[in-house]
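First residue of the sequence shown? That's 89 in this note's numbering, and the numbers climb one at a time after it. A short worksheet on the structure shown next.
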Amino acid sequence: EPKIADEFLSWGQKYENTKYKNIVRSSISPLPQKFAEISKNKIKQNSKILILPGSSGLYLSRNELFNNFKGELDNVQRFAKNINIDLIKKIYMKPHPKELAKGLVYSKIFKSYFDRPIKTINIRTRISKLIPKTKITIFTHISTEFLKNLAINSPSIYVMSKYDKKILNKNASNFFQKLEDVNIVIQDGKKLAKFINKNYENLEKWWFDYKTQNNIKSFVNEFANYSPESEKDFQKFFMNIKFNKFNFTK
C-alpha cells in the first residue's frame, strides 16, 4: 500500500524515514482509537485469562503454504496440557470474527485440548469491552489487538510459532526479541503455561517491572503509533488533504 498511495494511514508502524517518495507525509498517522490505560490495581483485581485465537486455519483452502494453522494448534495444545487445573476455570476464549464467515469453528479445536471445559465468549462481543475485565490476554497470532493492548499497557503475551518468527524482517526481529526478553513473546505453549502458573497471582509485578515497561514502550513507539489526540489527528489529516488533486471521475 505505501508504494501506490499518495497518502497512507496505518494504525501501526511509523514510516518516519520512508523510502516511498510518493507518500506526501513523512510520518504515518494512526487511525482514531479511544483507549484507557489499564492500572496496576485493575490487573490485580481481575481474574480472567482471555485467549484470542487466530484465523490462519480459515485460509487453508486459499493457500496452505502461507498459513500457520499447525503452529498455533501445537502451541495451544502444549499450553492446555501444562496449565494448572485451578486456572482452567479462569480461562475464556473469544473466537475470531472470521469464523462466522468461513464456517470453520477454529476455537472449538482449541477448546478440545483442555482437560476441563473453558468458557466461550460470544463471537460478536467487542474485544474493547473485554480487556478492562481481563487479567491477561494470550494471543496465538500477531494482530492489531495485540498492538492495542500494548498501547494501553494491558498485560499480554503473544505465543509465537516458528513460522511467525521466520517471516519477521531484521528490524522487526530486534523489537520482538526485546519483548521475548521480558516474556511478552514466548515461543512455546508449554513455557507459556509454566510462566502463567508461576506468575498468575502477581502478574502486575512482572508487567510493571522497569525493564518490561521500557521494552513495551520501545515496541509501541515503533509498531503501535498512538496519540491521545488521535481523533483530532485523524480529522486534521483529512482536512489537510488537497482533494482537488485527485480525479474521482475515472
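Positions of the beta carbon are idealized from the N, C-alpha and C atoms, including for glycine. None of these values were measured; they are calculated from a predicted model.
- For Tyr201, there is no enclosing beta strand (DSSP E), as DSSP marks it with neither H nor E.
- Per the C-alpha coordinates, the member of Leu175, Ile219, Asp203, Lys169 positioned closest to Lys182 is Ile219.
- The C-alpha of Lys169 lies about 11 Å from the C-alpha of Leu280.
- Scanning the region 207 to 284 from its first residue to its last, the whole beta strand (DSSP E) runs of 3-plus residues come out as 222 to 227, 244 to 247.
- Pairwise C-beta distances place the region 254 to 265 out of contact with the region 235 to 242, as fewer than three of them are shorter than 8 Å.
- With 16 or more other CB atoms across the displayed protein chains lying within 10 angstroms of its CB, Asp252 is buried.
- Annotation: the continuous alpha helix (DSSP H) that includes Lys130 extends over 128 to 133.
- In this structure, the alpha-carbon of Thr300 lies about 7 Å from that of Trp294.
- The criterion of a C-beta distance shorter than 8 Å is not satisfied by Ile226 and Leu161.
- For Met248, the CB contacts under 6 Å within the same chain, skipping 5 residues up- and downstream, are Val273, Gln275 in chain order.
- When rounded, the separation of the alpha-carbon atoms in Leu175 and Asn257 is 36 Å.
- The DSSP-derived three-state label of Lys136 is strand.
- Distance between Asp203 and Ser195, taken at the CA atoms: about 15 Å.
- The Cβ atoms of Ile126 and Asn271 lie no closer than 8 Å to each other.
- Straight through space, the alpha carbons of Asp321 and Lys278 are spaced by roughly 43 Å.
- Here Ile230 has Tyr246, Asp252 as same chain residues with Cβ atoms under 7 Å from its own Cβ, once five neighbours each way along the sequence are excluded.
- Phe296 has its alpha-carbon roughly 12 Å from the corresponding atom of Lys305.
- By the beta-carbon neighbour count (other beta carbons within 10 angstroms, threshold 16), Phe311 is buried.
- For Lys282, same chain residues with a beta-carbon under 7 Å away, outside a window of 5 residues either side, are Asn170 in chain order.
- Approximately 6 Å separates the beta-carbon atoms of Asn134 and Lys221; this is inside 8 Å, confirming the contact.
- Between the alpha carbons of Arg214 and Thr232 lies a distance of about 14 Å.
- Residue burial is scored here from C-beta neighbours: Ser244 has at least 16 other C-beta atoms within 10 angstroms and is therefore classed as buried.
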